[in-house]
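Every number in our numbering is 44 more than the matching position in the sequence shown, counting from 1.
Below is one structure; the comments refer to it alone.
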Amino acid sequence: MLSPVVNLYRSAFSGLTRENWWLSITLLVNRSGTMVVPFLTLYLTEYHHFSIAQAGLVMGLFGAGAIAGGFIGGKLTDRYGFYPIQLITLSGGGVFFILLGLMKSYTLICVFTFLLSVVNESFRPANATAVAHYSAPENRTRSYSLNRLARKNLNREIPFQVF
């Protein structure tokens, strides 16, 4: 039963460059960290005892940061290239996740949630640019498909999808 599925994936993604596989794995790791976001409201309401409205504002700031991060990441990628932006945003995202967990005041949680989202989402334009750079024109669609599969695969593990 598993063999037809394995053969389907093998035929769909064989022939892609090693760099494209690494970019997809990197994106999977990046999105794995973001998997904690749906539980942020529970953390804020149950652990910190903030109201639902306050938790909703934090989630709204996360969304605003994601929009800003996509724009900023694209501009920075155009200016400095995809490699340094991916490296800085992956490292920065990890640091901001740790720092966010250390914040106790509501104001700091709001600020760090926004900053985390900006940094974390700035990774995506750089990653997409790298996929285009490392894929041959005839494999570009399959390269982006693998990248998309890495990004969306984690959302199937969560019973509800926030973003």
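Glycine included, C-beta positions come from ideal geometry on N, C-alpha and C.
Asked                                                                                         : Found
Distance CB(N164)-CB(T78) smaller than 8 Å                                                    : yes
Endpoints, alpha helix (DSSP H) assigned at G109                                              : I96 to Y124
A180 (DSSP reduced to helix, strand or coil)                                                  : coil
G59 - DSSP class collapsed to helix/strand/coil                                               : coil
Local Cβ density within 10 Å of P181, reported as buried at 16 or more and exposed below that : exposed
8 Å Cβ cutoff met for G117 and S166                                                           : yes
Where the alpha helix (DSSP H) containing F158 begins and where it ends                       : Y150 to E165
Proximity below 8 Å, CB of T173 to CB of F126                                                 : yes
V50 versus L88: straight-line alpha-carbon distance, rounded                                  : 41 Å
Alpha-carbon to alpha-carbon, N171 and Y2                                                     : Given that the chain is displayed from residue 45 to residue 207, the structure contains no residue 2 and the question cannot be resolved.
Reduced DSSP category for V80 - H, G, I as helix; E, B as strand; rest coil                   : coil
Burial state of R200, where buried means 16 or more other Cβ atoms lie within 10 Å            : Any reading at R200 must be qualified, since the residue scores a pLDDT of 47, below 50, and its modelled position is unreliable; the value itself is stated next. Counting Cβ neighbours within 10 Å, R200 comes out exposed, since fewer than 16 surround it.
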